[in-house]
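Student: Dropping the structure in here first, questions after.
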Amino acid sequence: MPDAPDFRRLFDSLLSPLLVLTPDFVIVEANRAYLTATRTDRAIVGRPVFEVFPDNPEDPTADGVANLRRSLETVVAGGRTDTMALQRYDIPTAEEGVFAERYWSPVNAPVLDDEGRVTHVVHRVEDVTEFVHLRRVGREQRRAAADAQMRAEGMEIDLFVRAREIREVNEQLSRANAELDAAGRRLREEQRAKDQFIATLSHELRNPLAAATAATELLALDMPEGHPALAVLERQLGTLARMSNDLLDGTRAVTGRLELVREPVDVRSVVEGACADIRGLFAHDGRTLDVRLPGAPLVVDGDRLRLAQVLTNLLSNALKYTRPGGLTEVELVAGGGEARLTVRDDGIGFEPGQAEELFGVFMRAAPAGPDTPEGLGLGLAVARTVVELHQGRIRAHSDGPGKGATFTVALPVLASAVPRPPRPAARPVSPLLSVLIVEDNADLAATYHTLLERQGHRVTTVHTGADALTATERGSFDVVLCDLGLPDIDGYTVARRMRARPDGGRPRLIAVSGFSRGTDRALSRAAGFDAHLTKPLPLTDLLEFLEKPGEGAD
21 MPDAPDFRRL
31 FDSLLSPLLV
41 LTPDFVIVEA
51 NRAYLTATRT
61 DRAIVGRPVF
71 EVFPDNPEDP
81 TADGVANLRR
91 SLETVVAGGR
101 TDTMALQRYD
111 IPTAEEGVFA
121 ERYWSPVNAP
131 VLDDEGRVTH
141 VVHRVEDVTE
151 FVHLRRVGRE
161 QRRAAADAQM
171 RAEGMEIDLF
181 VRAREIREVN
191 EQLSRANAEL
201 DAAGRRLREE
211 QRAKDQFIAT
221 LSHELRNPLA
231 AATAATELLA
241 LDMPEGHPAL
251 AVLERQLGTL
261 ARMSNDLLDG
271 TRAVTGRLEL
281 VREPVDVRSV
291 VEGACADIRG
301 LFAHDGRTLD
311 VRLPGAPLVV
321 DGDRLRLAQV
331 LTNLLSNALK
341 YTRPGGLTEV
351 ELVAGGGEAR
361 LTVRDDGIGF
371 EPGQAEELFG
381 VFMRAAPAGP
391 DTPEGLGLGL
401 AVARTVVELH
411 QGRIRAHSDG
421 PGKGATFTVA
431 LPVLASAVPR
441 PPRPAARPVS
451 PLLSVLIVED
461 NADLAATYHT
471 LLERQGHRVT
481 TVHTGADALT
491 ATERGSFDVV
501 LCDLGLPDID
511 GYTVARRMRA
521 RPDGGRPRLI
531 AVSGFSRGTD
541 RALSRAAGFD
551 AHLTKPLPLT
561 DLLEFLEKPG
571 EGAD
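Count the sequence shown with my numbering and you get residues 21 to 574, in order.
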């Protein structure tokens, strides 16, 4: 009978580096390959493994100890082998405090007694540092593999182990890439869902806002001498409308989806219009709005509505943070090939170091509290995005709290261009238009109906898409004001079916909706609408639009 093998000699002769640990991670034994790979000697036996091999204190990202401890604890707790991912674990050198960079592929396996309890843990590692360095440096994989093969002559077993590790790493990389692709798809789907949610939320906010705005205008017609409550309603509804727009535009600004419709624009007309629209709010509580404009045109290649939005947001910001009786100055000047617009107030101001933060999403000049003005903290973020889309700059400055604030916008001017007039000359009002209102919000439909009838128009109101199709089959209409989100069939379908009829080209189809994204407008144009108006729609704007039957509002 042959002699029993010398297991100690067998263990010491194995080519794979092996370390035997107790369940509390004290080194019991190490073979020659392990001592060689880690540049240690048998003096490590009897010592805790993490005392012998600590993390490199010079590497703040070192996580070798934490990863190995987690794997060993998993083996002891579950009694199962744990294969660790390839990782960096530097080892101490003979020089005090100096560590050598090393990468390893560890496997930790339990040794169980007859009752299934873990008595020891076998820690097997392969030093893959050279492979990692080759992968990091190598551009030409074949040449790197050939160099590795030359260095590995006479070491077929080690080469086999490394080849296996390479396959495992490639498989891990493939899995990681697949997971990244899946995560990217999920992020894109979540982004689309978020965009749709914001658009739907904005639409749902605009429907009641439109009804309340129209009802306020109806009250104003019934009370020609006015009432203090009407002014309050107009101001607060205007604030809610701006907040709704900021909510939608803030999302577009963050995701880079704000759209511009460019044309040569005289910035003076933009400033005049925006200041005229908001001047009534400044008059409240004795505030003063001082506007200074140059005598000569300042023409930029820009989007008139978006530029007006920038100034409106800056003025709304000044209005919120200026005390009753305060002064806000708006100045437009030319210089250095730029149009410079300055909005200066004597309000609460801010710390000079806070200037850049004010343009962040959901940032406010004053902390939240009972005396903080209403707002979402989106207006300045939207303003910056619009200005930068125009290749311009926007800056904020304050000398400190209580010393007012100055916002400056610089836009490149066109050397020679003729601006379009802000609004074409109005055509004579046609008092006998036949109008069909298609709106499922009963309050809004009834109010629009009354407002338009009082202007002399013949008005019919329906609340579903099917009723709209029936009404246009039975009667002839000059204008159809159609909501897009109807309870049975959407407004796009209504428009397509009307246009498909032999006389489908006659009525002027106008989409009136809370959906106002570029995609919504493109869909409405494709469906056959002549124009796309956004709720809440002031009566003056609607009437002015109806007076110009040849124009769209996309």
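Note that the Cβ used here is the ideal one computed from N, Cα and C, for glycine as well.
Please classify Leu325: does DSSP put it in a helix, a strand, or coil?
Tutor: Looking at Leu325 - three-state DSSP - the assignment turns out to be helix.
Student: Just mark Glu146 as buried or exposed, buried being the case when its beta carbon has 16 or more other beta carbons within 10 Å.
Tutor: Buried, because 16 or more other Cβ atoms sit within 10 Å of the Cβ of Glu146.
Student: If we call anything under 8 Å between Cβ atoms a contact, is Val148 one with Arg182?
Tutor: Cβ distance < 8 Å, so Val148 and Arg182 count as in contact.
Student: Using the three-state DSSP reduction, which class does Asp487 fall into: helix, strand or coil?
Tutor: DSSP places Asp487 in helix when its eight states are reduced to three.
Student: Using DSSP's beta-bridge definition, name the partner residues of Tyr123.
Tutor: Answer is Arg108.
Student: DSSP beta-bridge partners for Leu132?
Tutor: Val138.
Student: Rounded to a whole number of angstroms, what is the C-alpha to C-alpha distance between Gly204 and Ser91?
Tutor: Answer to the nearest angstrom: the Cα atoms are 30 Å apart.
Student: Kindly indicate the opening and closing residues of the beta strand (DSSP E) around Gly380.
Tutor: Looking at the DSSP string, Gly380 is not in any beta strand (DSSP E), and its letter there is neither H nor E.
Student: Got a sec, what are the start and stop residues for the beta strand (DSSP E) Phe427 sits in?
Tutor: Residues 425-432.
Student: Less than 8 Å between the beta carbons of Ala542 and Ile509, yes or no?
Tutor: Contact flag unset, no.
Student: Counting C-beta neighbours from all protein chains within 10 Å, is the total for Leu200 16 or more, i.e. buried, or is it exposed?
Tutor: Leu200 comes out exposed.
Student: Compare the Cα-Cα distances from Glu115 to each of Met104, Arg59, Arg89, Asp102 and report the closest residue.
Tutor: Considering only alpha carbons, the answer is Arg59.
Student: DSSP three-state label for His143, please.
Tutor: Here His143 sits in strand by DSSP.
Student: What is the rounded straight-line gap between the Cα of Arg443 and the Cα of Thr332?
Tutor: Per-residue confidence for Arg443 stands at a pLDDT of 47, beneath the threshold of 50, marking its modelled position as unreliable; the derived number appears in the next sentence. When rounded, the distance between both Cα atoms is 18 Å.
Student: Taking the alpha helix (DSSP H) that Asp32 falls in, what are its first and last residues?
Tutor: Its alpha helix (DSSP H) spans residues 27-33.
Student: Please identify the residue among Arg108, His143, Asp79 whose C-alpha is closest to the C-alpha of Val40.
Tutor: The shortest Cα separation from Val40 among Arg108, His143, Asp79 belongs to His143.
Student: Is it the case that the Cβ atoms of Leu409 and Leu280 are separated by a distance below 8 Å?
Tutor: Cβ atoms of Leu409 and Leu280: closer than 8 Å.
Student: With 16 as the cutoff for other CB atoms within 10 Å, does Arg404 come out buried or exposed?
Tutor: Flag for Arg404 reads buried.
Student: Quick one: is Ala430 buried, meaning 16 or more other Cβ sit within 10 Å of its Cβ, or exposed?
Tutor: Under this definition Ala430 is a buried residue.
Student: Pop quiz: Gly369 and Asp419 are said to be a contact at Cβ under 8 Å. What is the actual Cβ separation, rounded to whole angstroms?
Tutor: At roughly 7 Å, the Cβ-Cβ gap stays under 8 Å, so Gly369 and Asp419 are in contact.
Student: Going by Cα to Cα distance, which pick from Asp83, Pro77, Pro112, Thr560 is closest to Leu106?
Tutor: When each option's Cα is compared against that of Leu106, the closest is Asp83.
Student: Could you tell me the alpha carbon to alpha carbon distance between Leu88 and Leu398, rounded to whole angstroms?
Tutor: Taking the straight line joining both Cα atoms gives about 47 Å.
Student: To the nearest angstrom, how far is the alpha carbon of Pro112 from that of Val407?
Tutor: So the alpha carbons of these two residues sit roughly 56 Å apart.
Student: Go ahead and pull the three-state DSSP assignment for Arg526.
Tutor: It is coil, neither helix nor strand.
Student: With three or more C-beta pairs closer than 8 Å as the rule, is the segment 366-380 touching the segment 296-304?
Tutor: No, because fewer than three Cβ pairs between the segment 296-304 and the segment 366-380 fall closer than 8 Å, the two stretches do not touch.
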